[in-house]
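First up is the structure itself, then whatever we jot down about it.
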Amino acid sequence: MRKLLIAANWKMYKTPVESTAFLTSFFPLVKNNTSTEIVLCPSMTSLPALVDAARGKTVSIGAQNMHWLAEGAYTGETSPTMLTAIGVTHVLIGHSERRQYFNETDTTVNLKLKSALAHSLLPIVCVGEHLNEREQNLTADVLNLQVSVALEGINPAALGSLVIAYEPVWAIGTGRTATPEIAEEAHKIIRAKVASIAGSDIAASTRILYGGSVKPDNAQTLCCLEDIDGALVGGASLDPASFSQIIANATQTA
Ligand code: PGA
């Protein structure tokens with residue numbers, strides 16, 4: 000019932016020319032895919048070119064960040080209306096690198112989530128614990144807090160498109176993936192929290208992606224788990240062959 004979603008987070012990599020070159024190689028590799036929602040999140044400057052190149056294809060384009068306001072005197076920021084105006088349909092919210100290096104908090108995540116929903120952008124809200132929090136057995140507390148503040152004040156009826164990405168910070172870019180047991184346990188905690196806030200129907204339809212060193216050789220094991228509905232892929236999404244292999248392997252389990 001939950002459609003598998005595999006998203007690429009290109010972070011601060013690829014110029015517009017490099018981004019469209021990726022698509023030229025990538026489309027033939029996923030041309031038979033119908034069962035998986037594929038989302039590419041390039042840097043801001045590549046968004047227009049990728050939206051154009053992906054028109055009519057089964058690949059959606061998302062931003063890696065946005066401001067929550069529609070406009071204003073906020074130098075360097077991009078608004079949700081600017082994204083929808085060029086055809087962007089998805090947005091990452093609260094990635095751990097945004098939280099770590101750009102002072103994003105659960106409160107700004109909440110503002111951005113409300114704004115994304117109001118502007119009909121499909122939000123992918125990132126949550127996850129740091130290594131020291133896991134070692135102190137605080138994972139459930141951290142996830143519960145991140146999810147509850149993110150969803151605060153939002154009418155459950157508006158949450159139909161919600162996607163959450165569980166990204167343990169210690170697994171991002173480290174080559175150290177969460178074990179299937181760790182990932183499934185965290186996803187169950189997140190789904191239970193969504194249920195307690197927004198009800199069991201919304202929780203049952205919310206897709207929860209796993210992110211953190213997803214590669215072709217672990218995508219199948221992770222994505223076959225009951226509460227894992229796809230992946231948010233960083234490093235391994237930069238190469239068309241490796242990203243398409245992740246999609247193929249994850250899809251086998253769906
Ligand atoms: P990674 O990044 O796949 O390179 O670990 C994941 C992410 O940051 O979303």
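In terms of numbering that gives the first Met the number 0, the sequence shown opens at residue 0 and continues consecutively.
Just so it is clear, CB atoms sit at the ideal spot from N, CA and C, and this is done for glycine as well.
Self-check item: Beta-carbon contacts of K13 that lie in its chain and below 8 Å, excluding the five residues immediately before and after
Solution: F21, P41, S42, S45 and L237
Exercise. Could you check the C-alpha separation between A62 and L68 for me, to the nearest Å?
Key: 15 Å
Quiz item: Curious, which full-length alpha helix (DSSP H) runs of at least 4 residues does the region 158-184 contain?
Solution: none
Practice problem: For the beta strand (DSSP E) holding E36, just list the boundary residues, first then last. | Solution: T35 to C40
Quiz prompt | First through last residue of the alpha helix (DSSP H) which encompasses C222 | solution = P215 to C222
Quiz prompt | Spatial neighbours of A164 in its chain, beta-carbon cut-off 6 Å, leaving aside the 5 residues before and after | solution = I123, C125, L208, G210 and L231
Quiz item: Is it true that the CB of S95 sits closer than 8 Å to the CB of G127?
Solution: yes
Practice problem: State the Cα-Cα distance for the pair A203 and L3, rounded to the nearest angstrom. | Solution: 14 Å
Quiz item: Hey, quick one: how far does the alpha helix (DSSP H) through T155 stretch, first residue to last?
Solution: Checking the sequence shown, residue 155 turns out to be Pro, not Thr. Segment: none, P155 is in no alpha helix (DSSP H) and carries neither H nor E.
Exercise. For N8, write down the residues that DSSP places opposite it in a beta bridge.
Key: C40
Self-check item: When K56, H89, Q145 and E17 are compared against H118, the one with the closest alpha-carbon
Solution: H89
Quiz prompt | Candidates T250, A240 and A235: closest to L224 by CA position | solution = T250
Quiz item: Under the three-state reduction of DSSP, which class applies to A197: helix, strand or coil?
Solution: helix
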